[in-house]
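Encoded as structure tokens, the structure appears first; notes follow it.
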Amino acid sequence: MDPAPLAPYAATESRSKGRRYREPDAVYRGQYQRDRDRIIHSTAFRRLVYKTQVFVNHEGDLYRTRLTHSLEVAQIGRSVAVALHLNEPLTEAICLAHDLGHTPFGHAGQHTLNACMREYGGFEHNLQSLRVVDELEAKYADFPGLNLMFETREGILKHCSEKNASALGDVGERFLNRTQPGLEAQLADICDAVAYNNHDVDDGYRAGLISLEQLRGQPLFDAQYREVTRRYPGLEDRRLIYEIIRRMINTVVTDIIETTKRSLDEAGPESIDDVRAAGRPLVGFSAEIGGQHRLLKQFLHQHLYGHEQKLEMTRKVQTVLRDLFETFMSDVSRMPAEFAAAAGRGDAAARARVVADYIAGMTDRYAFAEHRRISG
Ligand code: MG
Numbered sequence: 472m473d474p475a476p477l478a479p480y481a482a483t484e485s486r487s488k489g490r491r492y493r494e495p496d497a498v499y500r501g502q503y504q505r506d507r508d509r510i511i512h513s514t515a516f517r518r519l520v521y522k523t524q525v526f527v528n529h530e531g532d533l534y535r536t537r538l539t540h541s542l543e544v545a546q547i548g549r550s551v552a553v554a555l556h557l558n559e560p561l562t563e564a565i566c567l568a569h570d571l572g573h574t575p576f577g578h579a580g581q582h583t584l585n586a587c588m589r590e591y592g593g594f595e596h597n598l599q600s601l602r603v604v605d606e607l608e609a610k611y612a613d614f615p616g617l618n619l620m621f622e623t624r625e626g627i628l629k630h631c632s633e634k635n636a637s638a639l640g641d642v643g644e645r646f647l648n649r650t651q652p653g654l655e656a657q658l659a660d661i662c663d664a665v666a667y668n669n670h671d672v673d674d675g676y677r678a679g680l681i682s683l684e685q686l687r688g689q690p691l692f693d694a695q696y697r698e699v700t701r702r703y704p705g706l707e708d709r710r711l712i713y714e715i716i717r718r719m720i721n722t723v724v725t726d727i728i729e730t731t732k733r734s735l736d737e738a739g740p741e742s743i744d745d746v747r748a749a750g751r752p753l754v755g756f757s758a759e760i761g762g763q764h765r766l767l768k769q770f771l772h773q774h775l776y777g778h779e780q781k782l783e784m785t786r787k788v789q790t791v792l793r794d795l796f797e798t799f800m801s802d803v804s805r806m807p808a809e810f811a812a813a814a815g816r817g818d819a820a821a822r823a824r825v826v827a828d829y830i831a832g833m834t835d836r837y838a839f840a841e842h843r844r845i846s847g
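Per my numbering, the sequence shown starts with residue 472, numbered consecutively.
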């Protein structure tokens, strides 16, 4: 199947708001392909392999990490983008970059760092992902960050508080005037949730933290369970779960494609600007599948992320990150030289931001190693 031409409401290079710093076009690649390549070559991207998705790195080798999660999001996103005649390289770039600003230790890390930063403007991982690609990656001679296209940056900044949005200029505007991002950004956001909802079932089941009986209480799971056991009676556990999960992903993805096609037909956007002004997201689930998807999400929150065994790890990593934050805030010279120098230049809020940048960039095991170092 050859790629279809882009729909009129897809993001295109010719109608793009461009890069922050002008640079000559690449000769053999499109602009969004170039963004994707820059993301893959970034330091922050390589660190994702040692950052927690749900299970801390040392809990087992087969669990998703933030890297494999990002790859799964990108893979789902690309399929849907092609089916909807949207910009595939842009979708891929956004999906690969969406978690670059994530702290070590997953959501426990995010909450802890946000709490540490409460007096200094807080810590939002979406905003940090943008900060990574705009400021923190230091690789190119001509500009700070990766100098990505506006539409890629728009997609990376999924959520943002109004206070922070007003300081961001063009890419923050939509949080102030309540407009929508382009369809590729909407798609990347929803595919993030599709990916984790499904791979967390797989990881949670493998870890023994959730059971088949519990999962059968979930309509999205149970519909496929009944279908697979009817067609393949006696299928062994591992293959049963995989077969169910791949069918769940297919169900949800098909639903997104069909529902979004209907929304696009109804709203009739003729350009990406019409999409932005549509007043509501045009990418989405049907009411029925959307409801089942949210139910599964709630289930995972309650029974997997909130499982006692995971809470124990959460308490441990809270201590690690809090100790790191307090130590570096009171003595910036305990950080590597370039962070110490940057932290020494501003007021307390500026110092805290440098400390947060340093901690957020850590992998799980580096954070543990730094904690051992500061604890002597
Ligand atoms: Mg994600």
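All C-beta atoms in this analysis are idealised placements derived from N, C-alpha and C, irrespective of residue type, glycine included.
Which term fits residue i, buried or exposed, when burial requires 16 or more other beta carbons within 10 angstroms of its beta carbon?
{"i": "Pro495", "result": "exposed"}
{"i": "Gly777", "result": "exposed"}
{"i": "Asn648", "result": "exposed"}
{"i": "His540", "result": "buried"}
{"i": "Asp613", "result": "exposed"}
{"i": "Pro652", "result": "buried"}
{"i": "Asn618", "result": "buried"}
{"i": "Val520", "result": "exposed"}
{"i": "Ile511", "result": "exposed"}
{"i": "Gly626", "result": "buried"}
{"i": "Ala481", "result": "buried"}
{"i": "Ser513", "result": "buried"}
Residue i to residue j, Cα distance in whole Å?
{"i": "Ala609", "j": "Gly616", "result": "6 Å"}
{"i": "Ile565", "j": "Ser600", "result": "11 Å"}
{"i": "Ala852", "j": "Phe526", "result": "Because the chain is modelled from 472 through 847, residue 852 falls outside the range shown and cannot be assessed."}
{"i": "Ala478", "j": "His556", "result": "5 Å"}
{"i": "Gly821", "j": "Ala814", "result": "Looking at the sequence shown, residue 821 is not Gly but Ala. Between Ala821 and Ala814, the C-alpha separation is close to 7 Å."}
{"i": "His670", "j": "Arg500", "result": "32 Å"}
{"i": "Ala586", "j": "His573", "result": "15 Å"}
{"i": "Glu707", "j": "Val699", "result": "11 Å"}
{"i": "Pro575", "j": "Glu595", "result": "13 Å"}
{"i": "Ala831", "j": "Gly705", "result": "46 Å"}
{"i": "Val672", "j": "Ala808", "result": "42 Å"}
{"i": "Glu606", "j": "Arg537", "result": "21 Å"}
{"i": "Tyr534", "j": "Ser682", "result": "17 Å"}
{"i": "Glu590", "j": "Gly817", "result": "15 Å"}
{"i": "Leu567", "j": "Tyr611", "result": "20 Å"}
{"i": "Arg836", "j": "Arg843", "result": "11 Å"}
{"i": "Asp802", "j": "Gly577", "result": "26 Å"}
{"i": "Asp794", "j": "Phe839", "result": "11 Å"}
{"i": "Leu711", "j": "Val544", "result": "23 Å"}
{"i": "Leu498", "j": "Val754", "result": "Position check: residue 498 holds Val in this sequence, whereas Leu was assumed. Cα to Cα, Val498 sits roughly 33 Å from Val754."}
{"i": "Arg602", "j": "Val826", "result": "14 Å"}
{"i": "Asn668", "j": "Arg805", "result": "39 Å"}
{"i": "Arg549", "j": "Arg490", "result": "23 Å"}
{"i": "Pro740", "j": "Val746", "result": "6 Å"}
{"i": "Asp674", "j": "Asp570", "result": "19 Å"}
{"i": "Gln789", "j": "Asn558", "result": "40 Å"}
{"i": "His764", "j": "Thr725", "result": "13 Å"}
Return the bridge partner residues of residue i from the DSSP annotation.
{"i": "Arg490", "result": "Met620"}
Could I get the ranges of all uninterrupted beta strand (DSSP E) runs contained in the stretch 501 to 571, with 3 residues as the minimum, in chain order? Under the rule that a run must span 3 or more residues, no beta strand (DSSP E) segment is found entirely inside the stretch 501 to 571.
What runs of the alpha helix (DSSP H), each 4 residues or longer, lie entirely inside the stretch 614 to 645? 621 to 627 and 633 to 637
So, does the stretch 673 to 691 touch the stretch 751 to 770, judging by three or more C-beta pairs under 8 Å? Taking 8 Å as the limit for Cβ pairs, the verdict is that the stretch 751 to 770 does touch the stretch 673 to 691.
Does the stretch 785 to 803 come close enough to the stretch 570 to 584 to have 3 or more Cβ pairs within less than 8 Å? yes
At which residue ranges does the stretch 640 to 695 contain complete alpha helix (DSSP H) runs of 4 or more residues, listed in the order of the chain? For the stretch 640 to 695, whole alpha helix (DSSP H) runs of length 4 or above, ordered along the chain, are 644 to 648, 654 to 677 and 683 to 687.
contact_flag[the stretch 627 to 636, the stretch 733 to 742] where n(CB pairs < 8 Å) is 3 or more: no
For the structure I just gave you, are there three or more beta carbon pairs, one from the stretch 659 to 666 and one from the stretch 674 to 688, closer than 8 Å? no
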